[in-house]
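J.:
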Amino acid sequence: MIDMELSSKIKIASLLCTMMVVYRHSLNYLAFFNSWTGHGISGFVEDGVSLLTEIAVPYFFIISGFFFFRISYYEKNNYFKMLKKKAKTLLIPFIFWNIVGGGILCLYNRAQVGDSIVNCVQQLFMSNWYGPLWYVRDLMTLMLLVPLYGWIFLCNKSWLYLIIVLLSFYFWMPSDGNWISTESVLFFFLGGVLQKYEKIVEMQMPYKMIMGYAFLWVLYSFGFIPIENTYLHKINTILGLVIFWQLVNLLTAKQSEKLLTLSSYSFLIYVMHLYLIKVMKQGLGALFFENDVMALLSYILLPLITMFIIIVIGKLWAKTSLVTYNLVTGGRL
Numbered sequence: 005m006i007d008m009e010l011s012s013k014i015k016i017a018s019l020l021c022t023m024m025v026v027y028r029h030s031l032n033y034l035a036f037f038n039s040w041t042g043h044g045i046s047g048f049v050e051d052g053v054s055l056l057t058e059i060a061v062p063y064f065f066i067i068s069g070f071f072f073f074r075i076s077y078y079e080k081n082n083y084f085k086m087l088k089k090k091a092k093t094l095l096i097p098f099i100f101w102n103i104v105g106g107g108i109l110c111l112y113n114r115a116q117v118g119d120s121i122v123n124c125v126q127q128l129f130m131s132n133w134y135g136p137l138w139y140v141r142d143l144m145t146l147m148l149l150v151p152l153y154g155w156i157f158l159c160n161k162s163w164l165y166l167i168i169v170l171l172s173f174y175f176w177m178p179s180d181g182n183w184i185s186t187e188s189v190l191f192f193f194l195g196g197v198l199q200k201y202e203k204i205v206e207m208q209m210p211y212k213m214i215m216g217y218a219f220l221w222v223l224y225s226f227g228f229i230p231i232e233n234t235y236l237h238k239i240n241t242i243l244g245l246v247i248f249w250q251l252v253n254l255l256t257a258k259q260s261e262k263l264l265t266l267s268s269y270s271f272l273i274y275v276m277h278l279y280l281i282k283v284m285k286q287g288l289g290a291l292f293f294e295n296d297v298m299a300l301l302s303y304i305l306l307p308l309i310t311m312f313i314i315i316v317i318g319k320l321w322a323k324t325s326l327v328t329y330n331l332v333t334g335g336r337l
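For the sequence shown, this note's numbering begins at 5 and goes up steadily by one.
1. Where do the ends of the alpha helix (DSSP H) carrying Gly-289 lie?
2. Spatial neighbours of Arg-141 within its chain, please: C-beta separation below 8 Å, excluding the five flanking residues on both sides.
3. Determine, using beta carbons only, whether Leu-10 and Ser-225 come nearer to each other than 7 Å.
4. Quick one: Cα of Met-3 to Cα of Gln-199, how far?
5. Identify the continuous alpha helix (DSSP H) that holds His-43 and give its terminal residues.
6. Ala-17: buried (16+ other C-beta within 10 angstroms of its C-beta) or exposed?
7. Taking DSSP as the reference, what is the three-state secondary structure of Pro-230?
8. Among the candidates Ile-273, Ser-260 and Trp-221, whose CA atom is the shortest distance from the CA of Phe-248?
9. For the alpha helix (DSSP H) holding Val-327, just list the boundary residues, first then last.
10. Where does Ile-309 land, buried or exposed, given buried means 16+ other C-beta within 10 angstroms?
11. For Ser-302, collect the residues of the same chain with a Cβ closer than 7 Å to its Cβ; drop the 5 residues on either side in sequence, then sort them by chain order.
12. What would DSSP say about Asn-82, mapped onto helix, strand or coil?
13. Kindly give me the distance between the Cβ atoms of Ile-229 and Leu-266, rounded to whole angstroms, as I take these residues to be in contact under 8 Å.
14. If you draw a straight line from the C-alpha of Ile-67 to the C-alpha of Leu-171, how long is it?
15. Identify, in the order they occur along the chain, each residue of the same chain with its Cβ nearer than 8 Å to the Cβ of Gly-334, setting aside the five sequence neighbours on each side.
16. Could you spell out the range, first to last residue, of the alpha helix (DSSP H) harbouring Asp-119?
17. Under the rule that 16 or more other beta-carbon atoms within 10 Å means buried, what is Lys-85, buried or exposed?
18. Buried or exposed: which applies to Phe-175, given that a residue is buried once 16 or more other Cβ atoms fall within 10 Å of its Cβ?
19. With the cut-off set at 7 Å, would you say Val-117 and Ala-60 are in Cβ contact?
20. Taking 7 Å as the threshold (C-beta atoms), are Ser-46 and Asp-296 in contact?
21. Rounded to whole angstroms, what's the CA-CA distance from Tyr-153 to Leu-291? Just pull it up for me.
22. With H, G and I counted as helix, E and B as strand and the rest as coil, what does DSSP make of Ser-185?
23. Considering only residues of the same chain and omitting the five flanking positions on each side of Phe-73, which have a CB-CB separation below 6 Å?
24. Work out the CA separation of Leu-111 and Val-205 for me, nearest whole Å.
25. Quick one: residues in its chain with C-beta nearer than 6 Å to the C-beta of Met-298, no 5 flanking neighbours on either side, listed in chain order?
26. Can you tell me the Cα-Cα spacing of Lys-8 and Phe-37, whole angstroms?
27. Using 8 Å as the Cβ pair cut-off and three pairs as the minimum, do the region 113-127 and the region 157-167 touch?
28. Below 8 Å on the Cβ atoms is my guess for Val-49 versus Leu-251; work out the distance and round it to an integer in Å.
29. Tell me which residues share the same chain as Pro-307 and place their Cβ nearer than 6 Å to its Cβ, disregarding the 5 neighbours each side in the sequence.
30. Quick check on the DSSP output: the alpha helix (DSSP H) that includes Leu-30 runs from which residue to which?
31. For Leu-34, which residues of its own chain have a beta-carbon under 8 Å away from its beta-carbon, when the five flanking residues on both sides are left out?
32. Under the assumption that Met-23 contacts Met-311 (Cβ atoms under 8 Å), give the Cβ distance between them as a whole number of angstroms.
33. Measure from the alpha carbon of Trp-138 to the alpha carbon of each residue in Phe-64, Phe-70, Lys-13 and Thr-256, then state which is nearest.
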């Protein structure tokens, strides 16, 4: 059983990582400069923050694996009970929000939705109608396939865990969104390993060490360490995950309480933000084309505005129809 303190920390960190995802989708090079690369101060900030926030989805997979592998799926019909539960908490929300995404996509790019029923079904389950849900798609796939590899955690062999983690790290491609991505495999498995060694999760680093490594993380992410190397990139993401987890410990009680209150809306923010922020940044980009200052302000403020709007919608929705709210969020309130 996870204690209350660790549970609260996980919820707070999940909200913060959801905010990171929103900032990742706030990237506005195309909207303001019609370019795939950054320009001026806005480009510098967006490039740096984009690298910092690469930890978000790996964190989600780690936490999912951490909870998922607490039981064996070879015993007492646990596998089928899990499938039934995940149909409610993952599959129904996945289908609903992808259909919503497909409906929005129809308004401005009908061809991308699909040209036949078979193609539409394929696009839906590939999450091509609503990109951010690739995380849920991969999560469901890894859970569905657990009978094929769950035995690894029954062996309880540290050397086996180490070999698999090292191999997964070697093949891992950061921000890989393919079906059964290298990112999902590495971090979902790593979450299962951390469940076996829970004391690692509970460890707290000294303040000076946290600040020192955080400084290195920021320096590399913002390009002040001008070494382009795939392995350094991966190590930077791993370092970021560790430091982020430690930084959550430094929040004050008041800050933690406020974030914990909002954490129940993490999933709703995750599934609702994409098109809302896209419309706003494209509108501002059209009005202030090639304006570096407005691009920077848009990047900083639009995610906050988007999250505020979604939380208000969530509160009104839950108050008006809790049944439908729970249905499309998998009971996350």
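Glycine included, every Cβ here is placed at the ideal spot set by N, Cα and C. Predicted model, so just to flag it, every value in this text is computed and none were measured.
T.: The answer reads as follows:
1. Numbered from 1 along the sequence shown, position 285 holds the residue referred to as residue 289. If you look at Gly-289, you'll find it in the alpha helix (DSSP H) that goes 270-291.
2. For the purposes of this step, residue 141 is taken as residue 137 along the sequence shown, with counting starting at 1. Here the set comprises Phe-98, Phe-129, Met-130, Ser-131 and Trp-183.
3. Along the sequence shown, read from residue 1 onward, the residue named residue 10 stands at position 6. Along the sequence shown, read from residue 1 onward, the residue named residue 225 stands at position 221. In this structure, Ser-225 does not lie closer than 7 Å to Leu-10 by Cβ.
4. As shown, the chain starts at 5 and ends at 337. That puts residue 3 outside it, with no answer to give.
5. Position 39 of the sequence shown, counted from the start, is the residue given in the question as residue 43. In the DSSP assignment, His-43 falls outside any alpha helix (DSSP H) and carries neither an H nor an E.
6. The count along the sequence shown starts at 1 and reaches residue 17 at position 13. Residue environment for Ala-17: buried (at least 16 other C-beta atoms within 10 angstroms of its C-beta).
7. Sequence index remark: in the sequence shown, residue 230 carries index 226 (1-based). Three-state result, Pro-230: coil.
8. Sequence index remark: in the sequence shown, residue 248 carries index 244 (1-based). Proximity to Phe-248 across Ile-273, Ser-260 and Trp-221 peaks at Trp-221, based on C-alpha coordinates.
9. Numbered from its first residue, the sequence shown carries residue 327 at position 323. Under the DSSP assignment, Val-327 falls in the alpha helix (DSSP H) whose first and last residues are 326-333.
10. One-based indexing of the sequence shown puts residue 309 at position 305. By the neighbour-count criterion, in which 16 or more other beta carbons inside 10 Å mark a residue as buried, Ile-309 falls on the exposed side.
11. Here the question's residue 302 lines up with position 298 in the sequence shown. Here the set comprises Asn-32, Lys-285 and Leu-288.
12. Taking the first residue of the sequence shown as position 1, residue 82 is located at position 78. Asn-82: helix per DSSP, three-state reduction.
13. Residue mapping note: residue 229 aligns to position 225 of the sequence shown, counting from 1. Residue mapping note: residue 266 aligns to position 262 of the sequence shown, counting from 1. In fact, because the Cβ distance is near 34 Å, the residues do not count as touching under 8 Å.
14. In the sequence shown, the residue the question calls residue 67 occupies position 63. In the sequence shown, the residue the question calls residue 171 occupies position 167. Straight-line Cα distance between these residues: approximately 20 Å.
15. Position 330 of the sequence shown, counted from the first residue, corresponds to residue 334. Here the set comprises Lys-92, Thr-93, Leu-94, Ile-96, Pro-97 and Phe-271.
16. Within the sequence shown, residue 119 is the residue found at index 115, counting from 1. From DSSP, Asp-119 is part of no alpha helix (DSSP H); its letter is neither H nor E.
17. In the sequence shown, the residue the question calls residue 85 occupies position 81. Result: exposed.
18. Taking the sequence shown and counting its residues from 1, the one referred to as residue 175 is at position 171. Looking at its Cβ environment, which holds fewer than 16 other Cβ atoms inside 10 Å, Phe-175 is exposed.
19. Residue numbering aside, residue 117 sits at position 113 when the sequence shown is read from its first letter. Residue numbering aside, residue 60 sits at position 56 when the sequence shown is read from its first letter. Their beta carbons are not under 7 Å apart, which means Val-117 does not touch Ala-60 by this criterion.
20. In the sequence shown, the residue the question calls residue 296 occupies position 292. In the sequence shown, the residue the question calls residue 46 occupies position 42. Going by C-beta atoms, Asp-296 is nearer than 7 Å to Ser-46.
21. Taking the sequence shown and counting its residues from 1, the one referred to as residue 153 is at position 149. Taking the sequence shown and counting its residues from 1, the one referred to as residue 291 is at position 287. Rounded to the nearest angstrom, the two C-alpha atoms are 53 Å apart.
22. Position 181 of the sequence shown holds residue 185. Ser-185: coil per DSSP, three-state reduction.
23. Against the sequence shown, residue 73 aligns to sequence position 69. Closer than 6 Å at Cβ, skipping near neighbours: Phe-157, Gly-196 and Gln-199.
24. Counted from its first residue, the sequence shown places residue 205 at position 201. Counted from its first residue, the sequence shown places residue 111 at position 107. CA-CA distance, Val-205 to Leu-111, rounds to 45 Å.
25. Position 294 of the sequence shown, counted from the first residue, corresponds to residue 298. Around Met-298: Phe-292.
26. Counted from its first residue, the sequence shown places residue 8 at position 4. Counted from its first residue, the sequence shown places residue 37 at position 33. Residue 8 is actually Met in this sequence, not Lys. Inter-residue distance for Met-8 and Phe-37 is about 47 Å (C-alpha atoms, whole angstroms).
27. Judged by Cβ distances under 8 Å, the region 113-127 makes no contact with the region 157-167, as fewer than three pairs qualify.
28. Here residue 49 corresponds to residue number 45 of the sequence shown, with the count starting at 1. Here residue 251 corresponds to residue number 247 of the sequence shown, with the count starting at 1. For a cut-off of 8 Å, the C-beta gap from Val-49 to Leu-251 is around 20 Å, too long to register as a contact.
29. As a position in the sequence shown, residue 307 is number 303, starting the count at 1. Excluding positions up to five away in sequence, the list reads Val-26, Tyr-27 and Ser-30.
30. By 1-based counting over the sequence shown, the position of residue 30 is 26. This sequence places Ser at residue 30; Leu is not what is there. Ser-30 -> no alpha helix (DSSP H), and no H or E assigned at all.
31. Start at 1 with the first residue of the sequence shown, and residue 34 comes out as number 30. Taken in chain order, the residues that qualify are Trp-40 and Gly-289.
32. For the purposes of this step, residue 23 is identified with residue 19 of the sequence shown, where counting begins at 1. For the purposes of this step, residue 311 is identified with residue 307 of the sequence shown, where counting begins at 1. Rounded to whole angstroms, the Cβ separation of Met-23 and Met-311 is 7 Å, and the two are in contact under 8 Å.
33. Here residue 138 refers to the residue found at position 134 of the sequence shown. Checking every option, the nearest Cα to that of Trp-138 belongs to Phe-64.
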